[in-house]
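Novice: Can you keep this structure in mind? I'll have questions shortly.
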Amino acid sequence: MKDFIIPEFAPGDDRDMGTPARSGMPVALTIDGFEVTVPEGTSVMRAAMIAGITVPKLCASDNLEAFGSCRLCVVEIEGRRGTPASCTTPVMEGMVVHTQSAKIRKLRKGVMELYISDHPLDCLTCSANGDCELQDTAGQVGLRDVRYTPGDNHFDPSGTGARSQAEAKLRGGHDNPQFIPKDNSNPYFTYDPSKCIVCSRCVRACDEVQGTFALTIEGRGFDSRVSAGTSADDFFSSDCVSCGACVQACPTATLQEKSVAELGTPTRSVITTCAYCGVGCSFKAEMNGDQLVRMVPYKHGKANRGHSCVKGRFAYGYAAHQDRILKPMIREAIEDPWREVEWDEALAFAADRMRGIQERHGRRAVGVITSSRCTNEETYLVQKLTRAVFLNNNTDTCARVCHSPTGYGLGKTFGTSAGTQDFDSVEQTDVVLIIGANPTDGHPVFASRLKKRLRQGAKLIVVDPRRTDIVRSAHVEASHHLPLRPGTNVAVISAMAHVIVTEGLMDEAYIRDRCDWDEFQHYAEFIADPRHAPEATEALTGVPASELRAAARLFATGGNGAIYYGLGVTEHSQGSTTVMAIANLAMLTGNIGRPGVGVNPLRGQNNVQGACDMGSFPHELPGYRHVKMPDVRAIFENAWGVEIDPEPGLRIPNMLDAAVEGTFKGLYCQGEDILQSDPDTHHVAAGLAAMECVIVHDLFLNETANYAHVFLPGSSFLEKDGTFTNAERRINRVRKVMAPRNGYEDWEITQLLANAMGAGWHYTHPSQIMDEIAATTPSFAGVSYERLEELGSVQWPCNEAAPTGTPLMHVDGFQSGRGHFVITEYIPTDERTGPRFPLLLTTGRILSQYNVGAQTRRTENTAWHGQDVLEIHPHDAETRGINDGDWVRLASRAGETTLMVTLTERVAPGVVYTTFHHPATQANVVTTDFSDWATNCPEYKVTAVQVSPSNGPSDWQESYNAQAERSRRILSAAE
Amino acid sequence: MLNQAPAPTADEIRDVVTPLTALEGPLLPMLHAIQAEWGHVPQAAVPVLADVLNLGLAEVHGVISFYHDFRDHPAGRHILKICRAEACQSMGGAAMAAGVLDRLGVDWHGTTPDGAVTVEPVYCLGLCACAPAAMLDGQLMGRVDGDRLVSALEAAR
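Each protein sequence line maps, in turn, to chains A and X.
Remember, the numbering used here sits 42 above the position in the first sequence when you count from 1.
Remember, the numbering used here sits 1 above the position in the second sequence when you count from 1.
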């Protein structure tokens, strides 16, 4: 007799348990003679699966609620009449279930025969052959014949009574009005109604998992078919966001990846981590040999819980794109064409130049930029390169331009520079406050989990100048949307705190228990001042005082309150102040230190958390320890055998300023396109052009490479081993699924460059780099590749005190002892609107594209978003004589560009919005060099602009394009 | 009376459905109100209903297409429904219906060229004891035959 008690699943156990897990009191029952104990509320089907007994099924899947429509999972239960569906029948104490009997077999075979009577017999040539649950289930129930004669059906286009589509093709003709041809409109998957069994799994996946509600069953009875959108739509024109949940749910070839149709079913799979946003979804890379067939979200991935978005699921084609550079290249000057060379020559050339610069201009004349897209191990090596080989601290990373205020602000208030929760925490949240984030576009998998919670009844407050999709979309509606004027975050958050303090809604017991009481009193006195009242700031922020008061009351009194924020908070002159204001708000309401609450920065990039953790900043060694502290330096000096410069190095903007001044001459830039992503493009271009050696290490000749002297071809995330750390501090393994097409993994290339400069490093695997990180960094002390294999992933801090990691921070008290309230005076940005520039520009992302688009622009995702578009309110457009679809000039004090315009009420009058995914637009030509007072994080989100009709590209766009074209010329090695 | 008014605008549809928003399960009452007002549920109603009720477009389409009684285009001035369920079939309903369709020169769901009559099938009017049954403009008719139906139509025209 087997006896199972809520077993843990072994890694790699991907069985579909049929219905979702439940938690409750244990219930014991007998299934086919085996005793099994499961939580109350579990279905008989799931209990059977736990006992190792598979019940045939078609409409059930363990990521969807039971539906009970396919009638294949019927069982017999002693003492009950009939044959109930095991998916919809909950277990009862002492229940005796039989999953097999002559009666059940006959029923199942009969049901299956009906299914197959309207399904083509083309299994051998079907794209789902070998990966089809209908085929498997027909086998399980022992279907051997279909007795029905050909009649009305959906699969035979000829209408001649053919039993297979192959036969229908031979017979010819198109006389079956029920036959609907395949929908090829989505770039990545097809919808073939002729193979549909109407199990509704796709519709339910779209509703329950993704939360988009783009699919339905159209018609009824025999006429029922899956429909995307309305009768006028196909998949592409519908609301479908191409997340792939329906394709994954489909038990047949009805919804099928085009890549599988083309390449065949995969034969092996490797679990790895997506390299797009900071959610850090786990995927199975499904392979044939070294050919990637598809990426499928991994159901045991703790960040994504089996879900995905269009980028991670489908947009991996860039790794094999023809634009990818696979050979190293060098050139004497940036006006010259590139020359392809062997690795040795490129590395020697780079090493000579860097050493030469240091000899002539001093050791601080060179530096590095680490990549938030590369692994922890690679980032660690790049900062080690500057500290141990260049012997300075000139290292910075793109977090400078996104979440550096998060690191600063949360460090000051809580004592750690990271989000406080795991993503699972959202399942216990009662009130969600989203500030300056657009999760449905920027962090779609998290957004799906959030929307699920909102549909269960959690309340939502959105602080954003734009009416983003999360404010109102199918089955989700914010209780309060506070459409503030860009740049007034601090005033709005302070006004919320003012309401909470003056109305006595704060959690005094929590504050006394966890926070510094004196600091709180000081803060309370400051914030209670009437100048912070919503009525006083309404004119400034544009947020109606009554709405703001209602939102503050809801957040303070609505139960578990969780704050999620994005770059709309950080990329301002007051970015750090806003982060601290948010931390104050969370402490004020007692919302730190348990599930369902917390302060959660939605990190933009797959490894931006990791890049910060790994000491990428010029003032911090790995683990956020200041470079001025001798004891910290000593740890690394011992490990590396060098003397570390005690002076903090240059930040990216300082590097560029110094370059223009002539004191900074050499840069090694790994996996980042600063020319396109950093503000004030003219200044970046001038800085890069003034350097003597720019080494770009990337997959593509990006815009920065136009100013480079050495190009080192990089490896994609599919081609290397390592780890990424996501927004919830989760360290996930990245696994090599194919050999690097460029010859080396990125960490090897950094090592080669270091060794060309005489470093003498000899790592043979990234696990050795992680061991070095663990040995030198207390919060990573317990991290090793063995531990990651064992646990799947781990959230730092992971050390002796927390050997399996830390899902929730500050549980028994703040990391820094007591929580610190910080005075958050609102100091408006110097960027002001005026008669010449009366509108405020704010920038953001769109679902299908990612950042500068170097990757997504090289995939079919461009079908959704082929160019950047300026959103403007119809009133502002009308007064300027601008119509929808016009070409307009967008100008600021910094520069101007041209792009297409769309009229929408998503933005308030006085505000315009665009994305920055396309180099042709160069939105950052317009953004200014104002930045956060504490961290220099650029103020992308507020630029005073004017919009006017235009008839062509700006002078800058034309001269830039000419320069870019010139600088991308490549002479092949033979010439 | 059913009419062939011009297609309603989104605002007109919104005016008709908005008063029903507070009902429990308001989608079906809204669809009935639209069909009562314009004789059919135009495609333009789908985005309006999705917006008013905060549903997906697909969901609204799924509901409308589930019910055969919701038409997506205007019907004739008179609507004749002929029962095709078991009891009526057993009493010769199928042949009677075929005869009526033939005399009107239309197929099921068709409308006569003069726009006078639309003929629709219905599956059980609850008049099995008086089969075959039909319904003209909401008026039930039992034990009908082809002549009676056609003369009733003539009278109505």
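Glycine included, every Cβ here is placed at the ideal spot set by N, Cα and C.
Everything numeric in this text was worked out from a predicted model, so none of it was measured.
I'd like to know whether the C-beta of residue 62 of chain X is nearer than 8 Å to at least one C-beta of chain A.
Specialist: At least one chain A Cβ lies under 8 Å of residue 62 of chain X.
Novice: Kindly say whether residue 36 of chain X, judged by its beta-carbon, lies nearer than 8 Å to any beta-carbon of chain A.
Specialist: Not an interface residue.
Novice: Taking residue 296 of chain A as the reference, give the member of A:786, A:232, A:830 with the closest Cα.
Specialist: Looking at the Cα atoms, A:232 is the closest of the given residues.
Novice: When we look at the beta-carbon of residue 493 of chain A and count the other beta-carbons within 10 Å, is it buried (16 or more) or exposed?
Specialist: Buried: at least 16 other Cβ atoms inside 10 Å.
Novice: Taking Cβ positions only, does residue 415 of chain A come closer than 8 Å to chain X?
Specialist: No - not a single Cβ of chain X is within 8 Å of the one on residue 415 of chain A.
Novice: Do residue 128 of chain A and residue 87 of chain A have their beta-carbon atoms positioned less than 8 Å apart in this structure?
Specialist: Yes, the pair counts as a contact, with Cβ atoms nearer than the cut-off.
Novice: Please name the residue, chosen from A:289, A:230, A:559, A:529, that lies closest to residue 174 of chain A on a Cα-to-Cα basis.
Specialist: The candidate whose alpha carbon is nearest that of residue 174 of chain A is A:289.
Novice: Taking 8 Å as the CB-CB cut-off, is residue 258 of chain A touching chain X?
Specialist: Taking Cβ atoms only, chain X reaches closer than 8 Å to residue 258 of chain A, which makes this a yes.
Novice: With the cut-off set at 8 Å, would you say residue 149 of chain A and residue 117 of chain A are in Cβ contact?
Specialist: Cβ distance not < 8 Å, so residue 149 of chain A and residue 117 of chain A don't count as in contact.
Novice: Could you check how far apart the C-beta atoms of residue 910 of chain A and residue 963 of chain A are, in whole angstroms? I think they sit under 8 Å.
Specialist: Correct: roughly 4 Å between the Cβ atoms.
Novice: What are the residues of the segment 900 to 915 of chain A that lie near chain X, defined by any Cβ-Cβ distance shorter than 8 Å?
Specialist: So the list is empty, because no residue satisfies the distance condition.
Novice: Any Cβ of chain D within less than 8 Å of the Cβ of residue 250 of chain A?
Specialist: Looking at the structure shown, chain D is missing, and the protein chains on hand are A and X.
Novice: From the beta carbon of residue 111 of chain X, is the nearest beta carbon of chain A less than 8 Å away?
Specialist: Judged by the 8 Å Cβ criterion, residue 111 of chain X is not in contact with chain A.
Novice: So with CB distances below 8 Å, who are the chain X contacts of residue 519 of chain A?
Specialist: The contacting residues are 55.
Novice: Identify whether residue 43 of chain A lies in helix, strand or coil by the three-state DSSP scheme.
Specialist: The predicted model places residue 43 of chain A with a pLDDT of 37, which falls under 50 and marks its position as unreliable, so this point remains unresolved.
Novice: What does the alpha-carbon distance come out to for the pair residue 420 of chain A and residue 788 of chain A?
Specialist: The straight-line gap from Cα to Cα measures roughly 7 Å.
Novice: At which residues does the alpha helix (DSSP H) containing residue 740 of chain A begin and terminate?
Specialist: No alpha helix (DSSP H) contains residue 740 of chain A, which is instead part of the beta strand (DSSP E) from 735 to 740.
Novice: Measure the Cβ-Cβ separation of residue 908 of chain A and residue 396 of chain A and say whether it is below 8 Å.
Specialist: Not closer than 8 Å, so no.
Novice: Based on the DSSP secondary-structure assignment, which residues constitute the bridge partners of residue 557 of chain A?
Specialist: Residue 557 of chain A is bridged to A:861.
Novice: Just grab the DSSP bridge partners of residue 531 of chain A for me.
Specialist: Paired residue(s): none; residue 531 of chain A is not in a bridge.
Novice: Quickly, what does DSSP pair residue 198 of chain A with across the bridge? List them, please.
Specialist: Paired residue(s): none; residue 198 of chain A is not in a bridge.
Novice: Distance cutoff 8 Å, beta carbons only. Does residue 2 of chain X sit that close to anything in chain A?
Specialist: Note on residue 2 of chain X: pLDDT 40, under 50, position unreliable in the model; the coordinate value appears next. Chain A contact via Cβ: absent.
Novice: Locate the alpha helix (DSSP H) running through residue 1005 of chain A, then write down its first and last residues.
Specialist: Start and end: 997 to 1009.
Novice: Across the segment 444 to 458 of chain A and the segment 621 to 641 of chain A, are there enough close Cβ pairs to call them in contact, namely three or more that are closer than 8 Å?
Specialist: Yes, since at least three Cβ pairs between the segment 444 to 458 of chain A and the segment 621 to 641 of chain A fall closer than 8 Å, the two stretches touch.
Novice: From the beta carbon of residue 47 of chain X, is the nearest beta carbon of chain A less than 8 Å away?
Specialist: Interface residue, yes.
Novice: At 7 Å on the CB atoms, spell out the chain A contacts of residue 91 of chain X, in chain order.
Specialist: Per Cβ cutoff of 7 Å: no residues; residue 91 of chain X is ~21 Å from chain A at best.
Novice: Check each residue of the segment 208 to 224 of chain A: if its Cβ is closer than 7 Å to any Cβ of chain X, include it; give the result in chain order.
Specialist: So the list is empty, because no residue satisfies the distance condition.
Novice: Quick one: using the 10 Å Cβ neighbour count with 16 as the cut-off for buried, is residue 161 of chain A buried or exposed?
Specialist: Flag for residue 161 of chain A reads buried.
Novice: What residues in the segment 64 to 93 of chain X have a beta carbon less than 7 Å from any beta carbon of chain A?
Specialist: Residues passing the 7 Å Cβ filter: 66, 67.
Novice: Report the residue from A:306, A:873, A:999 whose alpha carbon sits nearest the alpha carbon of residue 331 of chain A.
Specialist: Comparing Cα-Cα distances from residue 331 of chain A to each of A:306, A:873, A:999, the minimum goes to A:306.
Novice: To which residues does DSSP link residue 710 of chain A through a beta bridge?
Specialist: Paired residues: A:410, A:737.
Novice: Would residue 1058 of chain A be called buried (16 or more neighbouring beta carbons within 10 Å of its own) or exposed?
Specialist: Absent from the structure is residue 1058 of chain A, since the part of chain A shown begins at 43 and ends at 1017.
Novice: With H, G and I counted as helix, E and B as strand and the rest as coil, what does DSSP make of residue 502 of chain A?
Specialist: In the structure shown, residue 502 of chain A sits in a strand (DSSP, three-state: E or B).
Novice: Under 7 Å Cβ to Cβ from residue 43 of chain A, same chain only, skipping five residues before and after it: list those, please.
Specialist: In this prediction, residue 43 of chain A has a pLDDT of 37, which is less than 50 and means its spatial position is unreliable; nothing more can be read from the coordinates.
Novice: By Cβ distance, which residues of its chain are closer than 7 Å to residue 670 of chain A, with the 5 residues on each side in sequence left out?
Specialist: Same-chain partners within the cutoff: 688.
Novice: Nearest by alpha-carbon distance to residue 187 of chain A: which of A:840, A:317, A:152 is it?
Specialist: It is A:152 whose Cα lies nearest to the Cα of residue 187 of chain A.
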